[in-house]
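A.B. asks: Have a look at this one before I ask anything.
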Amino acid sequence: MDNISAKTTNMQEEENIAVLKKQLKKEQRQIKIHKFTNNKLAMIGAVITIAMALVAILAPVIAPAGPYDMLVSDRLKNPSSVHIFGTDTFGRDLFSRIIYGARVSMGVGAAVSTISLVVGMVIGLYSSYYKTLDSILMRICDGLKAIPAILLAIAFMAVMGTSVRNVIISLAIVYIPDIARITRSSALMVKEQMYIESMKALGASANRIIWFHIAPNVLSPVIVQTSFIFATAIVQEASLSFLGVGVPVPAPSWGNILYEGKTVIYNAWWMIVLPGLSMAFPVLGLNLFGDGIREVMDPMSN
Amino acid sequence: MKKYVVKRVLSLIPVLIIVSVVIFCLIHLTPGDPARTMLGDQASEIEVENLRESMGLNDPIVVQYVHWVGGIFHGDFGTSIFMDEPMYKIILDHIGPTISLTIYALLISLIIAMPCGIIAARKRGKSQDQVISVFSMVGISVPSFLLGMLLIILFSVRMKILPSAGYKAIVDNGFLKHIEYLTLPAISLGLMQAALITRMTRSSVLEVLGSDYIKMAKAKGVKDKVILIKHALRNALLPIITVIGQSFIALLSGATVVETVFNIPGIGQLVVNSVLRRDYEVIQAVVLVIALGNVVVNLIVDLLYGLADPRISLE
Amino acid sequence: MAEQEKILEVKKLTTSFKTERGKMNAVQGVSFYVNKGEILGVVGESGCGKSVTAQSILRLYDEKYLVEYQGEILFDGVDLLEIPEKEMQNKRGKDISMVFQDALSALNPVFTVGEQIMEPLMNHQHMKKEEARKRAVEMLRLVGIPAPEKRVSQYPHELSGGMRQRVMIAIALSCNPRLLIADEPTTALDVTIQAQIIDLIVELNFKMHMGVILITHDLAVVAETCKRVIVMYLGQTVEEADVNDIFDHPMHPYTNGLIESIPLLEDKGVKRLHTISGMVPLLNQIPKGCRFAPRCPYATERCHREMPEFVNADGRHKVRCFYPIGLE
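Each protein sequence line maps, in turn, to chains F, U and P.
Under the working numbering, the first residue of the first sequence carries the number 965, and numbering increases by one thereafter.
Under the working numbering, the first residue of the second sequence carries the number 45, and numbering increases by one thereafter.
Under the working numbering, the first residue of the third sequence carries the number 199, and numbering increases by one thereafter.
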């Protein structure tokens, strides 16, 4: 009798603990969401980013002129009511070019961050699971990380030739190791906590464990990193184009506009200040956003 | 100590091998014929074939790699097809301005970042902290080449107090002229790192200030100022050593773009010109040298860290 | 009983922290005193405000924008909450010292043990470096560290856990304080080492005739070392009495629960240890009436509604309960 009652109380206790744990988890999640919406800077960041994405998508609607429309009589005009951002050396409407530039620059950023996210996560997850694969892949990542990002990207562009596609490929190669690293290290931590060994013993397949049990738990640091990569990719695309090894010239990318602006820096300030601010804007937004999520995820920051 | 250094240096060998393979593959395994790309569409088939032969592109890939690495050990980093000088001389000629610019930028970023980071941590949540954090956020979001041009517009075009471009070597023009020409480039290069180091310093100091030994020091009756300077900074600066190392490398590579803005004849300009001329071997050599520098700086940082933190024994 | 000289008297101390969700009282209306040369035990679960009380006495929390103190903390008749920070600095480590729970994190990793003992000596007693160093070696010897001449120039991470705790005690005692606050000084240590450290504190208390506040969650330690005990629950004192009284006739149901949950050696056979049901509520979910009511087996409707006062029950025993055990 005594034994049975002891047993039932034990079971009850366990149940209680399980319920408590669930509550705690739910509460933590609510706190996180609360913290995020309360983090004004992060919200501002998200709004800026979404606004710039909308500008890029709606470019043909917003822009008063086409990005290549030239009016030779209107070369290097000051900002005015006709051309609110002025015109460039070919007489193209700068405002329209910047708006269309958002398509190229934000597009490159989005593509680079998506590719790095997907490929990096696959690499990171599988190398956290298979030791041999790990040592090979991580050594390659070490090698790639030993070369500073911009130099590596320049070298890639040099051999592949300039095009939007190649800019995306080379920047993705540069940032894949970052995601792979972060995924791997958080996956290793998750693996330790989640008794993956016992799941293996129970016959769960590797793919199932990796994608259903490990992957969801590494997402938050990876998303933070991805938003920073998005921001950096915008800057790097602009840098490459500015150096003449990025997006080929007539295309309206922010880097190209700035490159052109440099040649007339003494007479047309708007060619630098306006596209420059347009570029800094989404970069700031993405950085604020990434910072915000990181703060929400990091238990130390409270 | 000696043993540790040797061990640490030996551990670099696999990294360096990987780096060299990566750089090698970059040029030799990418689609297309490097010889054709270098010579352009107008070149004849025979010219291309000759260049392939002289670059050793017709050998098996492994032979090409061994040849290249073997050459490096003999101090032969390859040959430029445009410049009639040994590669090491080409690099040495260009590295001076870059190093000068990098060090100047690093100094600027440290002078700005350290006090800002400490103040932000001390005044956590107050207006000073908020102002600093807004500035550092903006600093991180404005790329150096853009900042460079904005500074040119402000200080060269409008106020006309600093030169907008060019480089004056110390040997020819003296230290002051040298600094005058490098100031705008160094500020534009250094400001983003300043922002990053500020943030790192802030979080590092904050972490230390929240630790038990700071409370203990207070319980011993140590004055607040002494706690900050003696007990907190010593500990907070440890992780910052690593950040400074990383910043140095980031500045070195960031110089590539800034040098183009300000027309400084450094490594960056060498790379960009080589890319435009499709002088692959120069690119290969420069990337290798920078990667090597990166690895060496990391080694030095590790050793310094070991010296500064008694918990790490260098035995 | 002859009235002894009080070295410290805390009157209605309330320590509250400003947080994002408003003000939270970590300690509320706590009163107690320590006599000269006496060891006072402070007992309670983690989160009951023991440490906050201890750190409030030294005003270790950053007053400017985090914390608010109310009440009085009389040390030698001087209210510590009234004196300026500069004067407080002079008292810390000199008149009142503190030993922390985890010596590894409380010792600064980048300074040698010697440097850390010398610091208060040079600050408070204006010793020269050489003199302070000599005294540091003496202190290490006093707290029972072998080969002190060698240890003095070692770093904290080079010592064992027990030795680090001894070093902390050496630092705390270096200026001959009149009051030592030991906040869970043995929690982080092995059982055998725990006994050694407690013995050391008792021995030094006897030798140096200083008052000691020994904070612990371990009633066994209290039983061995202290003369008087206060029990804290959720930021309040719930019971205060001589050690023997507390163990023989605990009056507060909480104290009773604590005592019954100590395993006794003479108990043979299988017996489930008593546990106090429920968990310590968070500070922002403090119950309205008696704070212990939700977990109390004897709680009535009145307990849930009203807060009992901390009153003298039978002359020697103070308790915060409407229905003290054994006093119906």
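Note that CB positions come from ideal geometry on N, CA and C, so glycine has one too.
(1) Going by beta carbon distance, what residues of the same chain come within less than 7 Å of Ile308/U, once the five residues before and after it are set aside?
(2) Check distances from the C-beta atoms of the region 251–269 of chain P to those of chain U and list, in chain order, the residues that come in under 7 Å.
(3) Name, going along the chain, the residues of the region 1203–1214 of chain F whose beta-carbon falls closer than 8 Å to a beta-carbon of chain U.
(4) In chain order, which continuous runs of the alpha helix (DSSP H) of length 4 or greater are located wholly inside the region 238–303 of chain U?
(5) Using a Cβ-Cβ cut-off of 8 Å, state whether Asn1266/F counts as contacting chain U.
(6) Please list the partners that Lys259/U has in chain P, where partner means a Cβ-to-Cβ separation under 7 Å.
(7) Taking the alpha-carbon positions, what's the Cys69/U to Ile1137/F distance?
(8) How is Tyr109/U classed by DSSP in three states: helix, strand or coil?
(9) Does Asn374/P come within less than 8 Å of chain U when only Cβ atoms are used?
(10) Go ahead and pull the three-state DSSP assignment for Gly312/U.
(11) For a quick check, are the C-beta atoms of Met449/P and Val517/P less than 8 Å apart?
(12) So Lys133/U is in the alpha helix (DSSP H); what residue range does that whole segment cover?
(13) Express the C-alpha separation of Leu1022/F and Ile163/U in angstroms, rounding to a whole number.
(14) Could you pull the DSSP bridge partners for Ser1205/F from this structure?
(15) Would you mind reading off the limits of the alpha helix (DSSP H) that contains Gly433/P?
(16) Going by DSSP, name the residue or residues bridged to Ile295/P.
(17) Looking at C-beta atoms only, is the number of pairs between the region 117–129 of chain U and the region 318–334 of chain U that lie closer than 8 Å three or more?
(18) Looking only at its own chain, which residues have a Cβ that is under 6 Å from the Cβ of Phe1194/F, when we skip the five neighbours before and after it?
(19) Short check: CB of Ile1062/F to CB of Ser1242/F, under 8 Å?
(20) From the DSSP output, in three-state form, read off Leu272/P for me.
(21) Could you give the distance in angstroms between the alpha-carbon of Phe273/P and the alpha-carbon of Asn233/P?
(22) Identify which residue in Ile156/U, Leu198/U and Val287/U has its Cα closest to the Cα of Val341/U.
(23) For Ala157/U, go through chain B and note every residue whose CB falls closer than 9 Å to its CB, in chain order.
(24) Do you know how far the Cα of Pro1185/F is from the Cα of Val935/F?
(25) Please report the distance separating the alpha-carbon of Trp1175/F from that of Glu1156/F.
(26) By Cβ distance below 7 Å, which residues in the same chain neighbour Glu1161/F in space, the five residues on each side in sequence not counted?
(27) Could you spell out the range, first to last residue, of the beta strand (DSSP E) harbouring Tyr231/P?
(28) Under 9 Å between beta-carbons, which chain U residues line up against Gly1240/F? List them in chain order, please.
(29) Return the residue from the list Val365/P, Glu283/P, Pro344/P and Leu378/P that minimises the CA-CA distance to Ile294/P.
(30) Of the residues that make up the region 349–363 of chain P, which ones have a beta carbon closer than 8 Å to any beta carbon in chain U?
(31) Between Asp346/U and chain P, is there a C-beta pair that is closer than 8 Å?
(32) Since I believe Leu1108/F is in contact with Val49/U (beta carbons under 8 Å), could you give me their beta-carbon distance rounded to a whole number of angstroms?
(33) Run the CB neighbour count on Met203/U, radius 10 Å, all protein chains shown included, and call it buried at 16 or more, exposed below.
(34) Where do the N-terminal and C-terminal ends of the alpha helix (DSSP H) with Lys284/P fall, by residue?
(35) Taking contact to mean 3 or more Cβ pairs, one atom from each stretch, closer than 8 Å, check whether the region 287–296 of chain U and the region 240–247 of chain U are in contact.
(36) Ends of the alpha helix (DSSP H) at Glu325/U?
C.D. replies: In brief:
(1) Pro141, Leu145, Tyr211 and Pro229
(2) So the list reads Leu256 and Leu258, given in the order they occur along the chain.
(3) Ser1203, Phe1206, Leu1207, Gly1208 and Val1209
(4) Within the region 238–303 of chain U, the complete alpha helix (DSSP H) runs of at least 4 residues are 256–263.
(5) For Asn1266/F, the pLDDT reaches just 39, beneath the cut-off of 50, and the residue's location in the model is therefore unreliable, leaving the point undetermined.
(6) Leu258
(7) 13 Å
(8) helix
(9) no
(10) helix
(11) yes
(12) Met131 to Arg166
(13) 44 Å
(14) For Ser1205/F, which the question treats as bridged, DSSP gives no partner whatsoever.
(15) Here Gly433/P belongs to no alpha helix (DSSP H), and DSSP marks it neither H nor E.
(16) Contrary to the premise, residue 295/P reads as Ser rather than Ile in this sequence. Answer is Leu378/P.
(17) yes
(18) Gly1073, Ser1077 and Leu1250
(19) yes
(20) strand
(21) 11 Å
(22) Val287/U
(23) Annotation note: the requested chain B is absent from the structure, which comprises protein chains F, U and P.
(24) Summary: the structure shown does not reach residue 935/F, with chain F confined to residues 965 through 1266, and so no result is reported for it.
(25) 16 Å
(26) Only residues of its own chain outside the window of five on either side were considered, and among them none has a CB closer than 7 Å to the CB of Glu1161/F.
(27) Per DSSP, Tyr231/P belongs to the beta strand (DSSP E) from Gly220 to Asn233.
(28) Val186, Pro187, Leu190, Leu191, Met193 and Leu194
(29) When only C-alpha atoms are compared, the closest one is Leu378/P.
(30) Tyr353 and His355
(31) no
(32) Actually they are not in contact, since the Cβ atoms of Val49/U and Leu1108/F sit about 26 Å apart, beyond 8 Å.
(33) exposed
(34) Glu283 to Lys289
(35) The way I'd put it, the region 287–296 of chain U does touch the region 240–247 of chain U; three or more beta-carbon pairs between them come closer than 8 Å.
(36) Counted as a single uninterrupted DSSP element, the alpha helix (DSSP H) harbouring Glu325/U occupies residues Tyr324 to Ala352.
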